[in-house]
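Heads up: the sequence shown begins at 53 in our numbering, then just goes up one per residue.
From the three backbone atoms N, C-alpha and C, an ideal C-beta is built for every residue, glycine too.
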Amino acid sequence: MTKIIAGISRAPDLMMSHLALSRITRTSVELLRVQNQLATGRVVNNPSDDPVRMATILELDDRIERSEQRMRNISHAQASLGAVDTALGEAHEIALSAKEIVLTQIGFGSSGTERSGQAVVVQSMIDTLLGLANRRGVAGHLFGGSVAGAAPFTPSGGGFRYSGTGAGLITDLFQGGRIPITTTPDGIGGVSARVRGNVDLEPSLTGATTLAELRGGRGLGVNPGVVSFSFAGGPRASVDLTGSRTIQDVVDRLGNAIGQYESDQGVTVLGSGGVSTEGGAITIDVAAGGVVEFFEVGTGTTARDLGLAGDSPFSFPAGVTPGLDLRPVVTWATPISALSGVSGALGSIRINNNTSSHVIDLSVARTVGDLRSLIESSGAGVRVLINDAGTGIDVFSEVSAGVSGALSIEEVPGSNLTATRLGIRSLSSGTRLAEFNFGRGVSIVHGSRDPVTGDPWPEKDVDFSVTLGDGPGTRISIDLRPQDMTDVGALLGRLNSQIADGLASAGLPGTALRAELSEGGNGIRLVQDSSFGDPIRVEAANGSSAAEGLGLLGARYDVLSSSLLGEDRARVRVDGLFSDLIDLRDALNGNDTNGIALAGERLEATLTRLAEKRGAVGGLARRVDGAKSAEEDRAALDEQIRSRLRDVDFAEAATRFSLLQTQLQAGLQTAASATSRSLLDFLG
Numbered sequence: 053m054t055k056i057i058a059g060i061s062r063a064p065d066l067m068m069s070h071l072a073l074s075r076i077t078r079t080s081v082e083l084l085r086v087q088n089q090l091a092t093g094r095v096v097n098n099p100s101d102d103p104v105r106m107a108t109i110l111e112l113d114d115r116i117e118r119s120e121q122r123m124r125n126i127s128h129a130q131a132s133l134g135a136v137d138t139a140l141g142e143a144h145e146i147a148l149s150a151k152e153i154v155l156t157q158i159g160f161g162s163s164g165t166e167r168s169g170q171a172v173v174v175q176s177m178i179d180t181l182l183g184l185a186n187r188r189g190v191a192g193h194l195f196g197g198s199v200a201g202a203a204p205f206t207p208s209g210g211g212f213r214y215s216g217t218g219a220g221l222i223t224d225l226f227q228g229g230r231i232p233i234t235t236t237p238d239g240i241g242g243v244s245a246r247v248r249g250n251v252d253l254e255p256s257l258t259g260a261t262t263l264a265e266l267r268g269g270r271g272l273g274v275n276p277g278v279v280s281f282s283f284a285g286g287p288r289a290s291v292d293l294t295g296s297r298t299i300q301d302v303v304d305r306l307g308n309a310i311g312q313y314e315s316d317q318g319v320t321v322l323g324s325g326g327v328s329t330e331g332g333a334i335t336i337d338v339a340a341g342g343v344v345e346f347f348e349v350g351t352g353t354t355a356r357d358l359g360l361a362g363d364s365p366f367s368f369p370a371g372v373t374p375g376l377d378l379r380p381v382v383t384w385a386t387p388i389s390a391l392s393g394v395s396g397a398l399g400s401i402r403i404n405n406n407t408s409s410h411v412i413d414l415s416v417a418r419t420v421g422d423l424r425s426l427i428e429s430s431g432a433g434v435r436v437l438i439n440d441a442g443t444g445i446d447v448f449s450e451v452s453a454g455v456s457g458a459l460s461i462e463e464v465p466g467s468n469l470t471a472t473r474l475g476i477r478s479l480s481s482g483t484r485l486a487e488f489n490f491g492r493g494v495s496i497v498h499g500s501r502d503p504v505t506g507d508p509w510p511e512k513d514v515d516f517s518v519t520l521g522d523g524p525g526t527r528i529s530i531d532l533r534p535q536d537m538t539d540v541g542a543l544l545g546r547l548n549s550q551i552a553d554g555l556a557s558a559g560l561p562g563t564a565l566r567a568e569l570s571e572g573g574n575g576i577r578l579v580q581d582s583s584f585g586d587p588i589r590v591e592a593a594n595g596s597s598a599a600e601g602l603g604l605l606g607a608r609y610d611v612l613s614s615s616l617l618g619e620d621r622a623r624v625r626v627d628g629l630f631s632d633l634i635d636l637r638d639a640l641n642g643n644d645t646n647g648i649a650l651a652g653e654r655l656e657a658t659l660t661r662l663a664e665k666r667g668a669v670g671g672l673a674r675r676v677d678g679a680k681s682a683e684e685d686r687a688a689l690d691e692q693i694r695s696r697l698r699d700v701d702f703a704e705a706a707t708r709f710s711l712l713q714t715q716l717q718a719g720l721q722t723a724a725s726a727t728s729r730s731l732l733d734f735l736g
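Put into structure tokens, the structure is as follows:
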């Protein structure tokens, strides 16, 4: 407020003019500010109006803008997940319709002609399913996984090849988390669950092995830092391994540090081998007369990570001594020569998939990545991945082609068991019998008892018999027990034990018959003495389905090798509605009631998977709905706070505008009155 100093006895006109002009200017400025507020509807229009309030408003503007983007994400996710749910519902309806066909055609009341007619209906279901599986949503192809830009399923031979990868495209819901808005085709098709590598390839260390590829001495990776060492209990020296990227970096730095130690202390620490690697460990060649011991520095873990020290202290005595195994993982760059678990040169393998056979020469592969390229580019319709543990490779079929187009990986005779050594033969000694017959396993009879006495009845526990091709037709009974039905190796052990007992009882040499896996095609092989003139015969006993489940009833006899080669019952089928419909169509065309029944069983499992998948998608949709509700509440609160800080109260502003107008008018009138006086007004 402007004041006139009391000590001034008179007020000059100039002073009065300045004071009046100052009051009028301030009122005009305030009137302009209120006028702007009324025009814009905002209390603060410039940062200078109220810096603190403007900073808060700008932060709220940013939060609201990000909230709008999240709401767009949420709407996008709702639309995509809704489309996925609809598609899964339609797939479920197709599966139910197929199940109805199974129920009407499984009995003996239907003729072959009727079943052929129903096969046409099933084919139309397959065509419909293909369009459904390739359906697009707002985010791309619904079932393409993380590759939503291209159609995930394409016809391939007699099946449908899946080219998608990943779990799905991800959208950000802020506090609602990150969720996929496209998905994998679980229950429809996709890739098979195995062949999973059953051999640890045990890659050795090379100079190019990166520290990131090591599980380390503690199993927690390698954190390069500073370590110290001593020789023969002498003074300690430190070596800084920080920044080391490869094993060669570590070896070089250790060798240089120990060499410097030798110069400083006047001792000989290293032998001719120096610091090197062997297998999966770093080795130290220590000269005679002392030991080398490594220590951690402070709270570091580098020495233990590199296998140079352990939780239980140890040292490197004279001679070449390895540290702890660093357990390097398999990578695509791992050289084949570094795979300790694969001894000898690689040869060829045979992959049967989608009713076609492919012989693949792996001898030219130099790295694990080369193996993948050779196998995937063969046209076999398979995908090669390194397993999660980083110990081996897995092979997956990408083609849904039913039982007739199931995947198997076999040996090629003369190729040094390449598939077995790589751990990817689909029927090996480590194959679990529970995986036979597309997951149905192998059933046996066991624990039979005499109905009269209640005593064990061993004769009724016999599952099948093997009749040799010798003159008398020696018959050997095979009784399989539950403990024999774990994997193929245990089964072959039991078969050969029973065969040995039977041969001994018949007075035949132990070499007259043996059970084994062939070097070529998959299947259990029974090999008899080449002098026997008749073929081997296998017959089921006591209603047991073991011989059928093992593929021995449908076996073929090879005269040249005097062997009975069983059917491959460890083939790998891509589970899903595509395969189920193909199996049902083929069974209907073949008038195969047993095949129709099996297709019905698989459809039941597929219906369950589709329901589970739809439930999972529904769970994601609920999360999206919850995120939308929370985001709407948060945005509404931000809008409310911003409105209080930014928006003008029109009633208050209008009242103030009116008062300022009155104040300005009064100021102008007062100034005009004061400045209009002259000396003549005071002359009397």
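- A straight line joining the alpha-carbon of L629 with that of S149 spans about 12 angstroms.
- Taken in chain order, the unbroken stretches of beta strand (DSSP E) that lie wholly in the segment 321-387 and span 3 residues or more are 322-330, 333-338, 344-348 and 371-374.
- Assigned with DSSP and collapsed to three states, I588 falls in coil, not helix or strand.
- Rounded to whole angstroms, I438 and R122 show a C-alpha spacing of 36 angstroms.
- Its Cα nearest to that of G332, the residue G375 stands out among A542, R188 and G375.
- Counting only residues of its own chain and dropping the five nearest sequence neighbours on each side, V518 has a CB closer than 6 angstroms to the CB of I528 and V590.
- Excluding the 5 residues flanking it on each side, V676 has same chain C-beta neighbours closer than 8 angstroms at I126, A129, Q130, L133, L225, G228 and I231, in chain order.
- G371 sits exposed, since fewer than 16 C-beta atoms from the chains shown fall within 10 Å of its C-beta.
- Within the same chain, Cβ atoms closer than 7 angstroms to the Cβ of R167 are found at Q157, L640 and N643, the five residues on either side in sequence being excluded.
- In the three-state DSSP reduction, H144 falls in the helix class (H, G or I).
- Its chain contains I530 and A567 as the residues whose beta carbon lies nearer than 7 angstroms to that of L547, once the 5 sequence neighbours on both sides are disregarded; these appear in chain order.
- Per DSSP, the unbroken beta strand (DSSP E) holding G211 starts and ends at G211 to Y214.
- Q717 and V96 have their C-alpha atoms roughly 26 angstroms apart.
- Leaving aside the five residues that flank I496 on each side, the residues in its chain whose CB is nearer than 7 angstroms to its CB run, in chain order, D515, L532, M537, S596 and A598.
- Beyond the five residues adjoining it in sequence on each side, G606 comes within less than 6 angstroms, by CB distance, of E619 in the same chain, given in chain order.
- The criterion of a C-beta distance shorter than 9 angstroms is satisfied by A107 and P99.
- Here the C-alpha atom of T419 lies approximately 5 angstroms from the C-alpha atom of T386.
- Counting along the chain, N641 sits inside the alpha helix (DSSP H) bounded by residues L629 to N641.
- Counted as a single uninterrupted DSSP element, the alpha helix (DSSP H) harbouring D553 occupies residues V540 to S557.
- Under DSSP, V278 forms a beta bridge with D292.
- C-alpha of E683 to C-alpha of L689: approximately 10 angstroms in a straight line.
- Here G218 has G197 and S198 as same chain residues with Cβ atoms under 6 angstroms from its own Cβ, once five neighbours each way along the sequence are excluded.
- Distance check between T329 and each of T470, A72, D507 and D304 places D304 closest, using alpha-carbon atoms only.
- In the DSSP assignment, I412 is bridged to I401.
- D114 is classed as exposed because its beta carbon has fewer than 16 other beta carbons within 10 Å across all chains shown.
- Residue range T470 to L474 is occupied by the alpha helix (DSSP H) that includes T470.
- In the DSSP assignment, the residues bridged to V434 are S449.
- At a Cβ-Cβ threshold of 9 angstroms, V626 and A432 do not count as neighbours.
- Ranking T138, S467 and I233 by CA distance to the CA of A191 puts I233 first.
- I158: not part of any alpha helix (DSSP H); DSSP gives it neither H nor E.
- Counting C-beta pairs with one atom in each stretch, the segment 304-321 and the segment 280-291 have three or more that are closer than 8 angstroms, which means they touch.
- Under the three-state reduction of DSSP, L602 is assigned to coil, being neither helix nor strand.
- Inter-segment contact for the segment 248-259 and the segment 331-346 is present: three or more beta-carbon pairs are separated by less than 8 angstroms.
- Counting C-beta atoms within 10 angstroms of its own C-beta, G575 has 16 or more neighbours from the protein chains shown and is therefore classed as buried.
- In this structure L253 is buried. Its beta-carbon is surrounded by 16 or more other beta-carbon atoms within 10 angstroms.
- The straight-line gap separating the alpha-carbon atoms of N308 and G475 is approximately 40 angstroms.
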